[in-house]
Amino acid sequence: MTAERNPGADAQKAGPKTIGPKTGGPPAAGAAANAARSAGFDATRPPERDLIDDCVHCGFCLPTCPTYQLWGEEMDSPRGRIYLMDLAERGEIGLDGPFTEHIDACLGCMACVTSCPSGVRYNRLLEATRPQIERNVRRTWPDRLFRDAIFALFPYRRRLRAAAVLGVAYRKMRVPRLLARTGIARRLPARMRAAEELLPPVRLRDAFAALPRRTGPPGTAAPRRRVAMLSGCVQDVFFHQANLATIRVLAAEGCEVLVPRAQGCCGALGLHAGREPHAAARAKRTIETFGDLPVDHIVVNVAGCGSSMKEYADLLADDPEWAERARRFSAKVRDVTELLAELLDEDGPAAPRHPIRARVAYHDACHLRHAQGIREQPRAVLRSIPELELVDLPEAEICCGSAGIYNLVQPEAAAELGRRKADNIRAVRPDALVTANPGCLLQVGRYLGDELPLIHPVELLDAAIRGVDIPHGPPPAQGAAVSRKSSSR
Ligand code: SF4
Ligand code: SF4
6 MTAERNPGAD AQKAGPKTIG PKTGGPPAAG AAANAARSAG FDATRPPERD LIDDCVHCGF
66 CLPTCPTYQL WGEEMDSPRG RIYLMDLAER GEIGLDGPFT EHIDACLGCM ACVTSCPSGV
126 RYNRLLEATR PQIERNVRRT WPDRLFRDAI FALFPYRRRL RAAAVLGVAY RKMRVPRLLA
186 RTGIARRLPA RMRAAEELLP PVRLRDAFAA LPRRTGPPGT AAPRRRVAML SGCVQDVFFH
246 QANLATIRVL AAEGCEVLVP RAQGCCGALG LHAGREPHAA ARAKRTIETF GDLPVDHIVV
306 NVAGCGSSMK EYADLLADDP EWAERARRFS AKVRDVTELL AELLDEDGPA APRHPIRARV
366 AYHDACHLRH AQGIREQPRA VLRSIPELEL VDLPEAEICC GSAGIYNLVQ PEAAAELGRR
426 KADNIRAVRP DALVTANPGC LLQVGRYLGD ELPLIHPVEL LDAAIRGVDI PHGPPPAQGA
486 AVSRKSSSR
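Its first residue numbered 6, the sequence shown is counted upward by one per residue in the numbering used here.
Following this line, the structure appears as structure tokens:
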């Protein structure tokens, strides 16, 4: 990391500063305009004093914090944010104004959790803080409207399908080109522009397709594992091929895969945005759908969803009716690469792999690498493909700016991180990029365009097992397949 890109080097030695308006960084969320309320957190699950006190202000987390890297502002570092929580917990500051701005600017990427030598559980602190803001801080009406619109769309598969139809019509009528040519696109508010540019191209037959309810391993052998799969919301509508590939790969590796039809949103977006009632309701519904199935694991191929499903035990810990069920449920959740690596370790690959002669870059989704601690497993799974050259990215620990709804609500910061990630990807000159989160695929796709295939790791493994070309992934509208043997370098 260069000195210019690491303004935190000196500040690591300094302690937290006083709170004040930032000199740079993200736009104000408008919270300063809110009426002042009494200082501190309310009594509903505030951040725990013990967890706040675990931070010894050493600053080791600063170089991995994307917002600190962008702005060099103490209050936009993990240490600074914990200091703000400390003051709020003591009742010395209110939650509106700067407090909300600095917490809103946090990506929730949890790079600070994996880099903290003192084991500070910033994830727990943030997840206790964000609901406090949602309950107690009145956002400006455009901000509220925008956030409500996001939550009125993303957790609902039918609405996403309707949006997919509108998106296809929007592209067929060449509206994006018209907006760009007339200069209107440039004049759109940043949030609208981000929403427009992140709109994923989609095949309608994929958006409306149903996954098979049950898929068994080939032949008559007893399954190595029985699993139930979460198909996701955005994942199933816009990345249906990744779901199909996941089922095929798990079956080829000897698993029986169930996909319950009644499943809905797991609540990940709500949980990470502090919408606790929304997240708790979705968590309970997901536990009801999956909890009693006779399976060994509940498998997820979306990093953000897997991370939140593993957190149900914490989310519902105070609910006597659900706490134990949530604990049992969370213990069964596995990221698909976690399970595939486990199967590889046990008996080696069940399905032969065809060689793929390509240089493939792996981008760690934060909710896999930092939130779930899954770093080696996807790499091990990809290394099981003969002749594949797997490369890591520079600054692999730094978020791409996707972070749930972050690239929609904090578009400027997300854009800087997205461009930086795209540059780091180009620097290793890969033939394809793999990452296990649809949000990351859309975010880096926004800045890489059609430069190279962007796909989920299981899609690459599926291609190796079936002996077919690397799928292009989004944008699927391009339809171009890249030969496994070709190299764009
Ligand atoms: S969060 Fe951890 S690494 Fe960061 S300042 Fe606190 S103790 Fe140090
Ligand atoms: S979660 Fe990410 S953005 Fe937020 S403080 Fe930690 S490292 Fe920084």
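Even for Gly, the Cβ is constructed at its ideal location relative to N, Cα and C.
Bear in mind that the values here come from a model prediction, so they are computed numbers and not experimental data.
Residue from 226, 184, 197 whose Cα sits closest to the Cα of residue 151: 197
Unbroken alpha helix (DSSP H) run spanning residue 3, endpoints: What the structure shows of the chain is the stretch from 6 to 494, and residue 3 is not part of that stretch, so it cannot be assessed.
Alpha-carbon to alpha-carbon, residue 419 and residue 364: 27 Å
Closer than 7 Å: residue 127 CB and nearest ligand 2 heavy atom: yes
Assumed close pair residue 114, residue 375 - CB separation to whole angstroms, cut-off 8 Å: 6 Å
Cβ separation of residue 273 and residue 309, assumed to be a contact under 8 Å, to the nearest whole Å: 5 Å
Beta-carbon spacing of residue 70, residue 116 below 8 Å: yes
Under 8 Å between C-beta atoms of residue 100 and residue 57: no
Contact the stretch 179-192 vs the stretch 206-226: 3+ CB pairs below 8 Å: no
Anticipated Cβ contact below 8 Å, residue 368 with residue 251, distance rounded: Residue 368 to residue 251, Cβ: 18 Å. No contact.
Beta strand (DSSP E) segment containing residue 95, residue limits: No beta strand (DSSP E) holds residue 95; DSSP gives it neither H nor E.
Residue 449 beta carbon less than 8 Å from that of residue 438: yes
Any 3 or more C-beta pairs closer than 8 Å across the stretch 204-212 and the stretch 165-176: yes
Cβ-based burial, residue 314 [other Cβ within 10 Å; buried from 16]: buried
Cβ neighbours of residue 244 in the same chain (closer than 6 Å, five flanking residues each side left out): 443
Continuous alpha helix (DSSP H) assignments of at least 4 residues falling wholly in the stretch 320-402: 328-337, 341-352, 371-374, 381-388
Nearest-angstrom beta carbon gap, residue 47 and residue 144 [assumed within contact, 8 Å]: Incorrect: roughly 17 Å between the Cβ atoms, too far for contact.
Inter-residue spacing [alpha-carbon to alpha-carbon] between residue 11 and residue 68: Unreliable positioning characterises residue 11 in this predicted model, as indicated by a pLDDT of 36, which lies under 50. The coordinate reading is nonetheless provided below. About 7 Å.
Cβ neighbours of residue 129 in the same chain (closer than 6 Å, five flanking residues each side left out): 56
For residue 292, the three-state DSSP class (helix, strand or coil): helix
For residue 220, the residue or residues it bridges with in DSSP: 262
Backbone secondary structure at residue 143 - three-state DSSP: coil
Beta carbon of residue 470 nearer than 8 Å to that of residue 358: yes
Residue closest to residue 451, alpha-carbon to alpha-carbon, out of 413, 124, 280, 299: 413
Ligand 1 heavy atom lying under 7 Å from the CB of residue 114: no
Coarse secondary structure for residue 476, derived from DSSP in three states: coil
Delimiting residues of the beta strand (DSSP E) encompassing residue 234: 230-234
Three-way DSSP call (helix, strand, coil) for residue 242 in this model: helix
Limits of the unbroken beta strand (DSSP E) element including residue 4: No answer is possible for residue 4: the residues shown for the chain start at 6 and end at 494.
8 Å contact criterion, which residue 336 and residue 328 should meet: CB distance rounded: That belief does not hold up - the Cβ atoms of residue 336 and residue 328 are roughly 13 Å apart, past 8 Å.
Collapsed DSSP secondary structure at residue 255 in the structure displayed: helix
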